[in-house]
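Only one structure is covered here, and it is reproduced in the block below.
Protein chains: 2
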Amino acid sequence: MAVASSTYTVTFQPGDILCEGVAHGANLLRVALLEGVHINASCGGTGACGKCRVAIEGNYEGGKSAKLPQPDYDAGLRLACRVRVMGDLTVTVPEESRMGDSAALTHERRPGPGRVLTPQDLEKLVTGWKVDPVVRKYPVQLEAPDAANNIDDLSRLKLGLKSQHGLEAVSVDFNVIQEMPETLRQEDWRVTATVVETARGPKVIQLAAGDQAGEDYSIVLDIGTTSVYAQLLDLTSGETVAQASEYNGQISFGEDVISRIVYSQREGGRKELQEAVVGTIAQVVEQVLEKAGIDRCQVSHMVAAGNTTMTHLLLDVNPKYIRIAPYVPAATFLPPVRASSLGIDICDHVHMYAFPCVSSYVGGDIVSGIIGSGVFQTDKVTLYVDIGTNGEAVVGNSEWLVATSCSAGPAFEGGGIKHGMRATRGAIEAVQVEPATGEPHILTIGGKKPIGICGSGIIDAVAELLEAGLLGQNGKFKEAAAGEWLRKNEESRWEYVLASGEYTAGGQDIVITEPDIDNLMRAKGAIFAGIATLLASVGMDLDSVEQVYVAGGFGKYLQLDRAAAIGLFPEMDPDRFTFVGNGSLLGARLVSFSKDMLAEAERVARMMTNIELSDNQAFMDEYMAALFFPHTEMKYFPRMEQILSKIQ
Amino acid sequence: MAVASSTYTVTFQPGDILCEGVAHGANLLRVALLEGVHINASCGGTGACGKCRVAIEGNYEGGKSAKLPQPDYDAGLRLACRVRVMGDLTVTVPEESRMGDSAALTHERRPGPGRVLTPQDLEKLVTGWKVDPVVRKYPVQLEAPDAANNIDDLSRLKLGLKSQHGLEAVSVDFNVIQEMPETLRQEDWRVTATVVETARGPKVIQLAAGDQAGEDYSIVLDIGTTSVYAQLLDLTSGETVAQASEYNGQISFGEDVISRIVYSQREGGRKELQEAVVGTIAQVVEQVLEKAGIDRCQVSHMVAAGNTTMTHLLLDVNPKYIRIAPYVPAATFLPPVRASSLGIDICDHVHMYAFPCVSSYVGGDIVSGIIGSGVFQTDKVTLYVDIGTNGEAVVGNSEWLVATSCSAGPAFEGGGIKHGMRATRGAIEAVQVEPATGEPHILTIGGKKPIGICGSGIIDAVAELLEAGLLGQNGKFKEAAAGEWLRKNEESRWEYVLASGEYTAGGQDIVITEPDIDNLMRAKGAIFAGIATLLASVGMDLDSVEQVYVAGGFGKYLQLDRAAAIGLFPEMDPDRFTFVGNGSLLGARLVSFSKDMLAEAERVARMMTNIELSDNQAFMDEYMAALFFPHTEMKYFPRMEQILSKIQ
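Heads up: the sequence lines are chains A and B, in that order. The working numbering applies: residue 2 is where the first sequence begins, and numbers increase by one. The working numbering applies: residue 2 is where the second sequence begins, and numbers increase by one.
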């Protein structure tokens, strides 16, 4: 992955709040907000509101804005949202930039954000493997035939692979045999065989003249319902050479797996969906090859991890019964398929390995995440959660694993929210609400004018509104708190203004409504209930969980205390939480690099027990109990209980 | 094969010569000639010469001709060439219809013709097998999924095949998985799986709704350089349903394998050849399906036996180095290939099994013949000979086998002979020469006007000319014997008139020339020398051979004593000779019916040792010694030695 760059320490004053590990070039307002240091900000970080004034000592760049008068600038003030951290800094936040009238910064009331791992750390999650891919290139120098030894070319090749590489009972793909005589003689019987290790022995899938053993690459894919991520791996060095991502081209046929399955049942629909995702794959494959300057003929295999529906659609397998009770996929283990037969523009011998799935709603992406995060190796009871439109949860360790999936709805991805949007530039991703005034301070992704609010922004906003006393635990606004930001709209419905139209990209107020909050409550309720039911199914509860891995792009912006405040997760020691990012891609990498890991992935998929939540009364009970902020049962939320008791 | 019909006994007088096992409807002149009973005949059996007059008692049809005057007819005479045997007969051959002036018929001087087996007998050559093909259909009734058991469809199918048929570790072809969900539910979870037994376990290659287990067929092919034979087999009953044959469409690109290999190296040539033979296969497949009224979807596999070059060209594998020393084929063992990928119009799951080959010139047709004739099961030292453009010989038994191939040239197929032709209608297939006058008596295939002479006709003619004293052992005509039939042509070269222009289809004389005889000598010399060298390579000689199997359509018309007379085979007890006909097709049938036989075919191909004759001095010496009729060393030809000594 990216090369590690130096990191800095930023100290906020007053209060001596130390922020360590700040990346070179980081946005200072973002550093403050993600650390929980409150600095006023209404415009999302574009410099338009001019509220985030700070004084800085140390090495930085930027900080100017038309909204910062020259006298203030001359006095040493800068706009935090326009500052890039270039070294260790000491940042003094003046009283007018602080929330409310507290003398100190408010950092102390927030727990840490949980571990967000660097690429290097991520690779250390799994141990005991080496680069030894399932597809390898073997150079062979054969003896030329003569009258005393005129066995057929195929037998000669097999004998060479046996004597020079110890490969026993090799089979050779028919397509290789057809042109083999000329290939063998082209460089005087020196050839390179691309050999795949199958469950049934080694198989030569390509033969090239000369020694080409050093030029061996793979492409791994995370096929998400929304996005497709690709990495080009160097199978010789074990390094990542390039990466790319694009929105899954299937989006235009439906946002979620259910609508895709429905579409697939139309005349020609399945083929359209298959071609759409292959089109996206073509783009990311093109991008990684171009970035790395690698010829596509040097790619010898591909690995794809996706949920069960994505896997079916990629391989053009009928997904119809995934969505019809009792929710039966066509197959959970699919054989490797020639990538070219799927329509991917790659050499004919390249096979696509689709991660095995567990059930209709616990897919290859989860199996891949369990591999990539090392859950399959740990002794600790681990909760692995992947939050998206579907929330999947896995509990277990190296010896046992149970998994489930619950439909959270699209709230965490900004769906079903009046001003919701995906976590892209211009999305409000972090929110603070000033308890005294109810004023929001916001930060957008990319420091752009606010366009809408993404999943983590909604969570932040609801958590802040709860703690600021503007929102009740039942998800209804407190009319008593009405004011500049909490107001009734034209239809006499309550809404909270996150960003005023004067700062937004569209020129209109960005608001949160009660239906938005209700959607969020149902989403977090489903996930919490799913986790609780899953644990109960193995006679455990949240206290049994020793560590939590959170996967998904979502986790990148998620603040643990905010997630606990709304009841998505219980309050736990942040050190027990790890954000693994794209766990699915992590596992796909490992499987691509190591045939042992491929075997582990199959073992994990077989070992994982699926707990079905539909028509599950225990889940329904848990779900009803979770439709409250943070929960009707406050056992796992002592901090929130204390905060809320003060508000009452 | 064909249903056995009743057979009759024909008794020739004078001499009480009994011919048993004569088929219903057989041509009486043919019965006589093939039995060695001489009856005059100059026109080939068309009724045109009117010489073959006989008196008949018993049940028959025909016998009239414009050449038979009414008084003769009224006196009870018939033309043997126009008579069809319909019951037991007693046939009196009057003196004027006999050769020369001998009082008796000349049958006694000829040994029996060797065993020509009926289809029923042929099937008994191999024992200990049952109908249990490598591809089988298994009906399965699965339980419908419910919430308590919602495993994926694929796992459900595998469990069903395991519990209901004991199939372990089943894999399922990806193409089957894609549409499996609907197929399974179409007839309420009752399906029929087509399963192929691979070296690596059972694999489902097709899935159909409902119970279709009884409808299971295969097509077996003998891919000859000249002709393609097909049979449609019923894999449930073990019966042959239909058969068909066509000339191999590759003929227009060259008559023999060498010219085909040369052509294959042209731009696009290999593809042209592949498409040509596939075109022929399409014809014979169409014919057998139509004859039997079987839908092509009920065919579940195909088996093809061919020589090494034919196998390469059928599968579009580069054959280039087969013809270049040291004669290396691309592969001798080729994996089963989807027949549709070869361009054959058949269901996608149907695989083509090509018989394994041994070397560049000992191919799958020979391996198939060894299987089909049961040589691989016998304790007796057996010589298996397949005579065509290439003569292949195998010696061995159930424990060891050595094989070789020698280029005989096309003489046995009528090639390189002035009036030579293939063994089709109008070809002179049997010849007798009257010693006293040198007059030829001939029989054509189909009783048609003579067009030319085929391989067995040449052998007959040369043998008769030798025994009648018209031809020397050195292959030169004896000028002293010149007369009406042995004459000099316009170029002052000697030739023998087999059929006068007044009787031939073309209106011109059909003759045998010294170059024709020379070609035949070289052809028989190569085969005899090949056999001798092969035997010597394992420290044996002809005396060691306990039985001889002769394969090839050629054998159908070959008279053993004639073959021995020219020195193609040694003189041996005719009971030790068996003509197995198309041995290659026989073996392909067995392999199609029985997976045990498929395993045996692979064992045989691995076990067979190839003896290379090119650059082999022992072979060259044997060959030079064999360039004489019957041979320079008369040890194996005592009968001929005696006959020739009388002539000298």
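Using N, Cα and C, we set each Cβ at its ideal position, and we do this for glycine too. Remember, predicted model here, so these are calculated numbers, not experimental data.
Within the same chain, Cβ atoms closer than 6 angstroms to the Cβ of Asp519/B are found at Gly476, the five residues on either side in sequence being excluded.
Using a Cβ-Cβ distance cut-off of 8 angstroms, the region 585 to 595 of chain B and the region 220 to 227 of chain B are in contact, since at least three pairs of beta carbons, one from each stretch, lie closer than that value.
For Val329/A, the residues of chain B that pass the 7 angstroms Cβ criterion are Pro146, Asn151, Asp153, Asp154, in the order they occur in the chain. Take the alpha-carbon of Arg607/A and the one of Val351/A: they are about 26 angstroms apart. The beta carbon of Gln299/A sits closer than 6 angstroms to the beta carbons of Glu216, Tyr218 from its chain, once the five residues preceding and following it are set aside; these are given in chain order.
Scanning Tyr322/A, Ile325/A, Arg324/A, Val304/A for the CA closest to the CA of Leu315/A turns up Val304/A.
Taken in chain order, the whole alpha helix (DSSP H) runs of length 4 or more contained in the region 126 to 206 of chain A are 154 to 166, 175 to 187. Glu468/B carries a helical assignment under DSSP once its states are collapsed to helix, strand and coil. A residue is called buried once 16 or more other Cβ atoms fall within 10 Å of its Cβ, and Asn490/A, having fewer, is exposed. Boundaries of the beta strand (DSSP E) harbouring Arg85/A: 84 to 93, taken from the DSSP string. Nearest CB-CB separation between Tyr354/A and chain B: not below the 9 angstroms threshold.
When the beta-carbon positions are compared, Val173/A and Leu155/A come within less than 9 angstroms of each other. Rounded to the nearest whole angstrom, the CA to CA distance from Gly365/A to Phe254/A is 22 angstroms. Closer than 7 angstroms at the C-beta level to chain A, one finds these residues of the region 176 to 190 of chain B: Ile178, Gln179, Glu180, Met181, Pro182, Glu183. Judged by DSSP in its simplified three-state form, Cys50/A adopts coil rather than helix or strand. The beta carbons of Val171/A and Gly202/A sit closer together than 9 angstroms.
Spatial neighbours of Ser615/A in its own chain (CB-CB distance under 8 angstroms, excluding positions within 5 residues in sequence) are listed in chain order as Ala326, Tyr328. In this chain, Leu591/A is not harboured by any beta strand (DSSP E); it is covered by the alpha helix (DSSP H) spanning 584 to 594.
Judged by beta-carbon spacing, Met181/B lies beyond the 9 angstroms limit of Leu162/B, meaning their Cβ atoms are not closer than that value.
Under the 10 Å beta carbon count, Arg494/B is surrounded by fewer than 16 other beta carbons and is classified as exposed. Bounds of the beta strand (DSSP E) holding His442/A are 441 to 445. Residue environment for Thr633/A: exposed (fewer than 16 other C-beta atoms within 10 angstroms of its C-beta). Any Cβ of chain A closer than 9 angstroms to the Cβ of Lys321/B would place that residue at the interface, and such an atom is present. At least one C-beta of chain B is nearer than 9 angstroms to the C-beta of Cys358/A. For a cut-off of 8 angstroms, the C-beta gap from Ser501/A to Ser43/A is around 7 angstroms, short enough to register as a contact. DSSP, reduced to helix, strand and coil, places Gly421/A within a strand of the structure shown.
For His313/A, the uninterrupted alpha helix (DSSP H) segment begins and ends at 309 to 315. At a cut-off of 9 angstroms between beta-carbon atoms, Ala326/A makes contact with chain B. What Thr333/A touches in chain B, judged by beta-carbon distance under 9 angstroms, is Ile152, Asp153, Leu155, Ser156, going in chain order. Between Thr309/B and Pro330/B a beta carbon distance of about 5 angstroms is seen, short of the 8 angstroms cut, so the two are scored as contacting. Near chain B, meaning a CB-to-CB distance below 7 angstroms, the residues of the region 201 to 233 of chain A are Arg201.
DSSP places Lys272/A within a helical segment (H, G or I) once states are collapsed to three.
Contact with chain B is found for Glu613/A, since one of that chain's Cβ atoms lies less than 9 angstroms from the residue's Cβ. A direct Cα-Cα distance of roughly 41 angstroms separates Glu440/A from Val363/A. In this structure, Tyr497/A keeps its C-beta atom at 9 angstroms or more from the C-beta atom of Leu467/A. Trp486/A counts as buried, since at least 16 other C-beta atoms from the protein chains shown sit within 10 angstroms of its C-beta.
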